[in-house]
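K.L.:
Got a structure for you, questions after.
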Amino acid sequence: MAKWEYRLTRDRVKLREPVIECDRKGICIVHEPSEDELLQILNREGEDGWELVEIGYHQGEIVGVWKREKEG
210 MAKWEYRLTR
220 DRVKLREPVI
230 ECDRKGICIV
240 HEPSEDELLQ
250 ILNREGEDGW
260 ELVEIGYHQG
270 EIVGVWKREK
280 EG
């Protein structure tokens, strides 16, 4: 059975004008971090073997929860 280790990261991002996107049901999402900044974070952690579990945006920071299989 696999055993996992977890990691929490917080990355400050540059603020920019928010983009608000709403679907037909009226559910809206606010997009603030740039795609480039997000890709840099994903690729940085992926290079070290971390897999993204969940990501969120709060008060100018991208908060990521990551996991990877424990060695040994």
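Residue 210 is where the sequence shown starts when you use my numbering, and the numbers rise one by one after that.
Don't be surprised by glycine CBs; every beta carbon is placed ideally from N, CA and C.
#1: To the nearest angstrom, how far is it from the Cα of VAL228 to the Cα of GLU270?
#2: ILE236 by DSSP, collapsed to three states: which one?
#3: Looking only at its own chain, which residues have a Cβ that is under 6 Å from the Cβ of GLU287, when we skip the five neighbours before and after it?
#4: For the alpha helix (DSSP H) that contains ASP245, what are its first and last residues?
#5: Whose C-beta lies closer than 6 Å to the C-beta of ASP220 among residues of the same chain, with five residues either side of it excluded?
P.N.:
Straight from the coordinates:
#1: 16 Å
#2: coil
#3: This structure cannot speak to residue 287, because the chain is shown only from 210 to 281.
#4: 244-256
#5: ILE250, ILE271
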